[in-house]
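Below is one structure, written out as structure tokens; comments come after it.
2 protein chains.
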Amino acid sequence: MTYCVGMRLDRGLVFMADTRTNAGIDDISSVKKITTWERPGERVITLMSAGNLATTQSVISLLDERSKAPKDRNPSILAAPSMFQVVTIIGETLREVVRTRAGEGPKASSPFSATLIVGGQIEGSEPRLFKIYPEGNFIEATDDAPFFQSGETKYGRPILVRGFDPAKSFEEAIRLLMVSFDSTIRANLAVAPPLDLVVHERGTFRIGAERRFEVDDPYFRTICNQWSHALRAAVDGLPKFSF
Amino acid sequence: MTYCVGMRLDRGLVFMADTRTNAGIDDISSVKKITTWERPGERVITLMSAGNLATTQSVISLLDERSKAPKDRNPSILAAPSMFQVVTIIGETLREVVRTRAGEGPKASSPFSATLIVGGQIEGSEPRLFKIYPEGNFIEATDDAPFFQSGETKYGRPILVRGFDPAKSFEEAIRLLMVSFDSTIRANLAVAPPLDLVVHERGTFRIGAERRFEVDDPYFRTICNQWSHALRAAVDGLPKFSF
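Going down the list, the sequences are from chains A and B.
Under our numbering, the first sequence has 651 at position 24, and the numbering climbs by one with no breaks.
Under our numbering, the second sequence has 821 at position 194, and the numbering climbs by one with no breaks.
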């Protein structure tokens, strides 16, 4: 499992992902699930992956090769003129990788599928955020649905639904994300720190902040410890029931 | 889907269940998922069902016929000497119903399975709470795991994990349940009010309180309205993140 959240705020985009990967409960490991490409001052693109690790690593390697390669290697997400076209390329790459694995040879016990959250900004356009399905199609974040989750989405969703506000600062959004991740980590062993964070500030066209929260990160620990009390106090502050 | 929670408190047992049942998103209905049997002063048993409605109704009808019938209809949950034996009878009945449907004739698109939460107290013993699987086997609530959920368990779990305390009064436990149900109802259309509540006070061997919360119930509405604010305030009260 995995837990990733991408948010579209007024000030830009925020991405957070856990790092646990597992092939069975007795075979766990840590892997970075956030990848970023940038042409400083012109575009910045961040991708978060959930699902089959071989699939998502293949997708990223293919995108990487094309973006680093000479002119004849096309299409490249660093050359596409819009985020829509960037996401179309990523979706087609994902679809191709899944199709190749699923269509031939031995069958795996788990599917080869993956779900991606991709966001970024290209000069001349607004920041945009997308969720790409294993079939290669995708949806875009809107004012009504301004954030995307992937992986183990349920435990951490109520707090996001209640607490999200596009006017939030990056610092406030990160605090909210910490709470959502903490709820998920406590409930599902297949989601675990370290947590990776990437921020794109609107109009900068570069990675604004990149940070890894280790399991003993002081801020992460503070949130974990204080949230229990805060939540209990919030319940206790509600009107009492009486028969 | 469904959402049921059974709690074992120091003061007794509390059961809450939603009432939505659906056979597809275009075929929804309301049904009571809590059934109670009592022999006032001697035993009280409450059952909550999640899963295939035909299966759970069959189980309850079979248990009912046996409990109301003459001596030769055995085994009866009103005659069994312990909650362990009551739950064994219920588990066998469930297993039998699932097996009969699954084993012959046309196959359904959805499985015939169901999960039950059963609790009660018989004179001379402590209140006990169990969760019964479709295979007929079951687990019992312990000090480490003092409540059971069934159906759509994830959205409402973090608040229960954080807020549960066996020393709570029934009124406090019901407030906590309301919050857990509200989080679930907001996230999953297949969970919906009215909500049914049953309380067994320890040592009374009768139904202590029974209540239905309609969608416009003033207490339910108060919790729904105030919880958003309380939750946001709780997040805002946490230490701010800074880069």
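Beta carbons are placed, not taken as given, at the ideal position from N, Cα and C, and that holds for glycine.
Quick caveat: nothing in here was measured; it's all calculated off a predicted structure.
Chain A residues whose Cβ lies nearer than 8 angstroms to that of residue i
i                      : result
residue 642 of chain B : None at all; the shortest Cβ gap to chain A is about 15 angstroms.
residue 778 of chain B : The contacting residues do not exist; residue 778 of chain B stays about 12 angstroms from chain A at best.
Cβ shell of residue i (< 7 angstroms), same chain only, five flanking positions each side left out
i                      : result
residue 658 of chain A : 646, 648 and 680
residue 814 of chain A : 782
residue 650 of chain B : none
residue 716 of chain B : 702, 704 and 707
residue 828 of chain A : 638, 639 and 835
residue 763 of chain A : 718, 719, 721 and 722
Residues that residue i bridges to, as DSSP identifies them
i                      : result
residue 661 of chain B : B:675
residue 823 of chain B : B:644 and B:839
residue 743 of chain A : A:676 and A:759
residue 635 of chain A : A:640
residue 782 of chain B : The partner list for residue 782 of chain B (beta bridge, DSSP) is empty, contrary to what the question assumes.
residue 649 of chain A : A:655
residue 630 of chain A : A:778
residue 870 of chain A : Answer is none; residue 870 of chain A lacks a bridge partner.
residue 749 of chain B : B:670
residue 767 of chain A : A:757
residue 799 of chain B : DSSP output for residue 799 of chain B lists no bridge partner at all.
residue 828 of chain A : A:639
Alpha-carbon spacing of residue i relative to residue j, whole angstroms
i                      : j                      : result
residue 832 of chain A : residue 743 of chain A : 21 angstroms
residue 860 of chain B : residue 858 of chain A : 10 angstroms
residue 749 of chain B : residue 670 of chain B : 4 angstroms
residue 781 of chain B : residue 677 of chain B : 15 angstroms
residue 684 of chain A : residue 725 of chain B : 43 angstroms
residue 693 of chain B : residue 664 of chain B : 12 angstroms
residue 789 of chain A : residue 856 of chain B : 8 angstroms
residue 869 of chain A : residue 799 of chain A : 36 angstroms
residue 785 of chain A : residue 840 of chain A : 23 angstroms
residue 794 of chain B : residue 867 of chain A : 16 angstroms
residue 775 of chain B : residue 711 of chain B : 17 angstroms
residue 849 of chain A : residue 654 of chain B : 46 angstroms
residue 847 of chain B : residue 864 of chain A : 15 angstroms
residue 824 of chain A : residue 753 of chain A : 21 angstroms
residue 871 of chain B : residue 761 of chain B : In this structure chain B extends from 628 to 870, so residue 871 of chain B is not present and cannot be described.
residue 791 of chain B : residue 733 of chain B : 44 angstroms
residue 820 of chain A : residue 801 of chain A : 15 angstroms
residue 844 of chain B : residue 854 of chain A : 30 angstroms
residue 672 of chain B : residue 633 of chain B : 12 angstroms
residue 668 of chain A : residue 689 of chain A : 24 angstroms
residue 842 of chain A : residue 822 of chain A : 8 angstroms
residue 803 of chain B : residue 852 of chain B : 14 angstroms
Close-in-space but distant-in-sequence residues of the same chain around residue i (CB under 6 angstroms, 5 per side omitted)
i                      : result
residue 787 of chain A : 807
residue 826 of chain B : 641, 797, 835 and 836
residue 635 of chain B : 756, 768 and 773
residue 598 of chain A : Shown here, chain A extends from 628 to 870; a query on residue 598 of chain A therefore has no answer.
residue 714 of chain B : 745, 757 and 765
residue 675 of chain B : 631, 642, 644, 660, 661 and 744
residue 805 of chain A : 850
residue 729 of chain B : 739
residue 619 of chain B : Nothing can be reported for residue 619 of chain B, as the shown portion of chain B is limited to 628 through 870.
residue 838 of chain A : 824
residue 816 of chain A : none
Interface residues of chain B facing residue i [CB-CB closer than 7 angstroms]
i                      : result
residue 846 of chain A : 868
residue 849 of chain A : 866
residue 794 of chain A : Result: empty, since nearest Cβ-Cβ is about 13 angstroms, beyond 7 angstroms.
Cβ shell of residue i (< 8 angstroms), same chain only, five flanking positions each side left out
i                      : result
residue 818 of chain B : 628, 629, 630, 645, 647, 778, 779, 808, 811 and 812
residue 708 of chain A : 749
residue 666 of chain A : 705 and 832
residue 759 of chain B : 714, 717, 718, 721, 742, 743, 744, 745 and 765
residue 770 of chain B : 793
Contact set between residue i and chain A, taken where Cβ atoms lie within less than 7 angstroms
i                      : result
residue 760 of chain B : Those within 7 angstroms of residue 760 of chain B in chain A number zero; the least Cβ separation is about 20 angstroms.
residue 858 of chain B : 786, 789, 790 and 861
residue 836 of chain B : 870
residue 810 of chain B : 785
Chain-ordered neighbours of residue i on chain B, where CB pairs are closer than 8 angstroms
i                      : result
residue 813 of chain A : 785 and 788
residue 798 of chain A : 867, 868, 869 and 870
residue 803 of chain A : 862
residue 855 of chain A : 789
Contacts that residue i makes with chain B (C-beta to C-beta distance below 9 angstroms)
i                      : result
residue 602 of chain A : This structure does not reach residue 602 of chain A, given that chain A is present from 628 up to 870, and the question cannot be answered.
residue 782 of chain A : 781, 782, 784 and 785
Chain-ordered chain A contacts of residue i [CB-CB under 9 angstroms]
i                      : result
residue 685 of chain B : Residues of chain A passing the Cβ test: none, with the nearest at roughly 30 angstroms.
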